[in-house]
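Asker:
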Amino acid sequence: MDEPRVAPATTLRSRFAGVAGAIRYARIVTVFYRTSIQAEMEYRADFFARVLASLLGLLTTIGSLSIAYSYTDNLKGWTFSEAMVLLSVYYLMDGLIEMLIGPNMRQITSQVREGTLDFVLLKPLDAQFMASFRSLNVWRAASAVIGLGLSVYSIGRLSIGAGLLQAVSFAATLAAGLTIIYSFWLFLVTLTFWFVRVDNIEQIVWQAFEAGRYPVEIYPRWLQGTLTYAIPVAFVITVPARALAGRLTGMTVLVALILAACMLALVTLFWRVGLRNYTGASA
Amino acid sequence: MRYWLRVYRVHLRVAWALMMQYRFSTLIWAVWGFVGPLISLAVWTAATQARGSGVSGNGQRFDQADFAAYFLVFMIFGHLTMSWDAFEFAYRVRTGSLSPQLLRPLHPIHADASFNVGFKALTTALLLPAWLVLFVVLHPAPPPSYANVALAAPALVLAGITRYIWQYALAAIAFWTTRVDAINQLYYVLDSFLAGRIAPIALMPLWLGLLARYTPFYGMGAFPVEIALGRVSLPAAALGLISQMFWLAAGIVVFRLVWAAGVKQYSAVGA
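Heads up: the protein sequence lines correspond to chains A and B, in order. Numbers 1 to 283, taken from the numbering used here, label the letters of the first sequence in order. Numbers 284 to 554, taken from the numbering used here, label the letters of the second sequence in order.
1. Check whether the stretch 418 to 435 of chain B touches the stretch 484 to 501 of chain B, counting contact only when three or more Cβ pairs, one atom from each stretch, lie closer than 8 Å.
2. The alpha helix (DSSP H) that contains residue 463 (chain B), what's its start and end?
3. I want to verify the contact list: residues of chain B whose CB lies under 7 Å from the CB of residue 71 (chain A), in sequence order.
4. Provide the residue span of the alpha helix (DSSP H) that contains residue 446 (chain B), from first to last.
5. Under a three-way DSSP split, which group does residue 377 (chain B) fall into?
6. So with CB distances below 9 Å, who are the chain B contacts of residue 100 (chain A)?
7. In chain order, which alpha helix (DSSP H) runs of at least 4 residues are fully inside the stretch 117 to 166 of chain A?
8. So that I know if they touch, is there some Cβ in chain B lying closer than 8 Å to that of residue 56 (chain A)?
9. Would you please verify whether the beta carbon of residue 115 (chain A) is less than 8 Å from any beta carbon of chain B?
10. Measure the Cβ-Cβ separation of residue 177 (chain A) and residue 239 (chain A) and say whether it is below 8 Å.
11. In whole angstroms, what separates the C-alpha of residue 408 (chain B) from that of residue 257 (chain A)?
12. Identify the continuous alpha helix (DSSP H) that holds residue 21 (chain A) and give its terminal residues.
13. With a Cβ-Cβ cutoff of 8 Å, do residue 201 (chain A) and residue 188 (chain A) count as a contact?
14. Closest by CA to residue 530 (chain B), which one among B:481, B:367, B:496 and B:300?
15. Who are the neighbours of residue 234 (chain A) on chain B, taking C-beta pairs under 9 Å?
16. Verify whether the separation of the beta carbon atoms of residue 298 (chain B) and residue 398 (chain B) is less than 8 Å.
17. From what residue to what residue does the beta strand (DSSP E) around residue 345 (chain B) run?
18. Note down, in chain order, every chain A residue with its Cβ under 8 Å from the Cβ of residue 462 (chain B).
19. Does residue 487 (chain B) come within less than 8 Å of chain A when only Cβ atoms are used?
20. Quick one: Cα of residue 553 (chain B) to Cα of residue 460 (chain B), how far?
21. Shorter than 8 Å from the beta carbon of residue 210 (chain A) to some beta carbon of chain B?
22. For the stretch 312 to 331 of chain B, which residues have a CB atom closer than 9 Å to at least one CB atom of chain A, in sequence order?
23. Using only the alpha-carbon positions, how far apart do residue 330 (chain B) and residue 379 (chain B) sit?
24. Could you tell me which chain A residues have their CB closer than 7 Å to the CB of residue 307 (chain B), listed as they occur along the chain?
25. What does a CB cutoff of less than 8 Å around residue 549 (chain B) pick up in its chain, not counting 5 residues either side in sequence?
26. Are the beta-carbon atoms of residue 104 (chain A) and residue 132 (chain A) separated by less than 8 Å?
27. In this structure, does DSSP put residue 78 (chain A) in helix, strand or coil?
28. Here's the rule I'm using: 16 or more other beta-carbon atoms within 10 Å means buried, otherwise exposed. How should residue 522 (chain B) be labelled?
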């Protein structure tokens, strides 16, 4: 059995720093994801329902854009093809978030409410790591698959050619975007330690995320600011889309990476403070 | 008649108490009503700015202020006519919590309709200040006369009831399959285009506009909005009201048929 060897929690920090620790954690993630996928195999029909639902949602946005673009060829500097690239990134992100981040964050919220977070804390693993990587909702990748297909198609239409630099900056901003949304969501989840009912706040995030289907430039200034800095939808969707369309400066890539690192560090700190506030089951 | 008044009064009181208990979450759900119209308004604002002039299609002209008026009125009317039973109902079938409701001597649609009305009463009161702020900030074009707004009232009521009954018929599909996400999404797509949510129908391609007028979606969506903004001639408005009544009657028939067949099918999954 390739189950990882159990290590005392006290020695964990030093182990995590080393290469051996990294390998150990990578192996644990593999086990977590494998068991999740095994459980999800039970619901295979979900995948097709999801694909169909995502395709229909995509149809609405494409239709809405093509009606608007039939009266103009440019919306705040975005051509129709570039708006399609943006839309593909929206779906890619939606799929990745729902597959990797969403299930874990929702689980933490209910675990804190019901007191079952005890079982996570008792494991000889970093609690944040365990809580963040425990499950994977593989069928939610449906939108990501659609997004990927659309991005290949729309990049072809743009006829800019996919350069290496473009690919690297897209990968970097995509990773930064995922880290930013993870940090942001974990921040909301950590609030659960103080206020037990915050799952509604998730709705506000999705309401903002919905706005990311279109370039943030079309919104009024104050909303652009909100979508860039308060709820960083711009960094999650618009920035990677610009990278993919080859319209991004190295500076923005750097800002995205620094912002992601800062948010991750801050939320890790906040999580530790919140954890101290956790009173456990039936307390 | 007295009996029904009492039934609805009691149901409304229950719904109101429940909603006051969860007023924060109720409000957050209601905020979804802002998202769609404001995004559409932003898209069309960007389009008018790019052209430097208004947009005309099929004999109707929209400039910046017209778009603001259209989508703001749509936001309010959309809120007043919305229903979410298709999403809620599948959950009840899946968990089996529908069973006790079916045992009551009253069709569950009455309790749900009361809940719908209670939700709108509470959220309208809460959202009113936000709507007023939007009207001040976005400078919509005023309607040609406020008599138009009053004339829109019967069309609005018909739109709300028709949408409700069709949604409930759609919800009853959950008796056959508990995976209704894709079906609901299809409804959403049709509604976005044919009700005129993403763009005024006059600006859509001609075939889409024609299709909209021959489906129930136009009557459930853009029609009352267009009356309020004085964009419908009197004969067209009369014709529209007749078509609304036709679709309401059709909805009731379809709902009864689907429900009768569905209840026979129901086996209480979660039991």
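Yeah, the Cβ is synthetic: ideal placement off N, Cα and C, and Gly gets one too. Since we're looking at a predicted model, the values are computed, not measured.
Answerer: Straight from the coordinates:
1. No contact exists between the stretch 418 to 435 of chain B and the stretch 484 to 501 of chain B.
2. Looking at the DSSP string, residue 463 (chain B) is not in any alpha helix (DSSP H), and its letter there is neither H nor E.
3. 330, 334 and 338
4. 429 to 454
5. Helix.
6. Chain B residues near residue 100 (chain A): none, gap ~20 Å exceeds 9 Å.
7. List check, alpha helix (DSSP H) in window: 117 to 121, 127 to 133 and 142 to 158.
8. yes
9. no
10. Going by C-beta atoms, residue 177 (chain A) is nearer than 8 Å to residue 239 (chain A).
11. 44 Å
12. 19 to 40
13. yes
14. For residue 530 (chain B), the closest alpha carbon among the candidates B:481, B:367, B:496 and B:300 is that of B:496.
15. Simply none; closest approach about 14 Å.
16. Yes, the Cβ-Cβ distance between residue 298 (chain B) and residue 398 (chain B) is below 8 Å.
17. 343 to 345
18. 45, 46 and 49
19. Output row for residue 487 (chain B): interface = yes.
20. Here residue 553 (chain B) scores only 47 on pLDDT, less than 50, and its place in the model should not be relied on; the value that follows carries that caveat. If you take the alpha carbons of residue 553 (chain B) and residue 460 (chain B), they lie about 14 Å apart.
21. yes
22. 312, 314, 315, 317, 318, 319, 321, 322, 323, 325, 326, 327, 328, 329, 330 and 331
23. Each residue's Cα considered, the two are about 49 Å apart.
24. 200
25. 376, 381, 385 and 458
26. yes
27. strand
28. exposed
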